[in-house]
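Step one of this worksheet: look at the structure below.
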């Protein structure tokens, strides 16, 4: 009888012998007295998983070798699956022990730099690195063998969702024939699929995601363009309104000093309509209503209402303030300059609240509805409804 052929470890060159696992799977192990060796230190579970990967790769039609080194020893594949016609190579990595995401990414990049893509396979439940590199989770199934239970995904309704669970050999056959590819997900996920960076999916699903995101980007761009168009139209309407008002003011400037003073007051009141509207809305959270004209009961100022109650008055006439100072005491007085503030303060009750605002485009007040008609919405495009008073509020 011939002596058995010598078997040695590719890593440390120590002798090896055949063994059988408790489940009946045959494998090779180091003979007693082996030196320090990376292969000798691996766990039985890791070694058995590598054997399962090699067997599944062969079932998928590939040639499979264990512990294959890359060029110049830059990397070593647990299992290197290759096309019998030498058209491609894929590294199958059994990863059971803890590893940082950065380390596993670096190992993947070293193999990819030599033109060898990798598939990282583990039976651990969602390790930290899962999805950072092309990866799947496997699970033993009844009757023997492994099935891919996590890692596949499909695109539907603008979201990624969990893909099917398939035998490991079938999954590898899909990988080897490019029926599934590793894809960096960009669209959101639908539970129970975890929001991992990388998924395995069919190429058409990756194309559907790209088309969906392009359509979403186009929709958002058109929406922004429509908003910009509406703002420009609003600005044009405001400028036209201001032009008309300037023309009106120009026709009245020659009516004398008194008329000029009245016109200047109207100009300040118009200019403060919008900032007063925004001031009250920010302070109260309610859309106010601004009267169309100055009111005698408010010292010829323009009252601002919250509901039926006066809240503020825009640019009252200082000389008329003493007659209604008690009525104004509870209101906010808006003025256009520090000089005007001092004139009003000199005539008002001590402690009168006076706010100096910077003039801008005027808020367009809501028209007064006929009796029995519901209030009209504020036409300046701001959400909410301004409610005009139906009677002059009591002083």
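Numbering (this note's numbering), first residue to last: 2 to 396.
The C-beta atom is built at its ideal place from N, Cα and C for all residues, glycine as well.
**Q.** Pick from 353, 74, 79, 159 that is closest to residue 65, judged by C-alpha positions
**A.** 79
Q: Report, in whole angstroms, the separation of the C-beta atoms of residue 75 and residue 111, which I expect to be a contact under 8 Å.
A: 5 Å
**Q.** When 165, 342, 194, 201 are compared against residue 182, the one with the closest alpha-carbon
**A.** 201
Q: Between the Cα of residue 132 and those of 267, 242, 197, 268, spot the shortest distance and give me the residue it belongs to.
A: 197
Q) How about residue 97 and residue 46: are their beta carbons less than 7 Å apart? A) yes
Q. Just the Cα atoms here: how many angstroms apart are residue 109 and residue 102?
A. 11 Å
Q.
What does DSSP give as the partner residue(s) for residue 201 in the beta ladder?
A. 153, 183
Q) Which residue from 279, 321, 289 puts its Cα closest to that of residue 297? A) 321
**Q.** Span separating the alpha-carbon of residue 179 from that of residue 187
**A.** 21 Å
**Q.** Close Cβ partners of residue 323 (< 6 Å) along its chain, the five nearest in sequence each way excluded
**A.** 348
Q. In the DSSP assignment, what residue or residues form a beta bridge with residue 302?
A. 296
Q: Ignoring anything shorter than 4 residues or poking outside the stretch 108-163, list the alpha helix (DSSP H) runs there in chain order.
A: none
Q.
Using a 10 Å radius around the Cβ and a threshold of 16 neighbouring Cβ atoms, would you call residue 53 buried or exposed?
A. buried
Q. Are at least three pairs of beta-carbons, each pair with one atom in the stretch 164-179 and one in the stretch 221-241, less than 8 Å apart?
A. no
**Q.** Distance between beta carbons of residue 135 and residue 121, contact taken as under 8 Å
**A.** 7 Å
Q. Is the beta carbon of residue 163 sitting closer than 7 Å to the one on residue 214?
A. no
**Q.** From 245, 150, 220, 118, residue whose alpha carbon lies closest to that of residue 177
**A.** 118
Q: Apply the 10 Å Cβ neighbour rule to residue 114 and answer buried if 16 or more other Cβ atoms are within range, or exposed otherwise.
A: exposed
Q) So, do the stretch 281-295 and the stretch 340-354 have three or more beta carbon pairs nearer to each other than 8 Å? A) no
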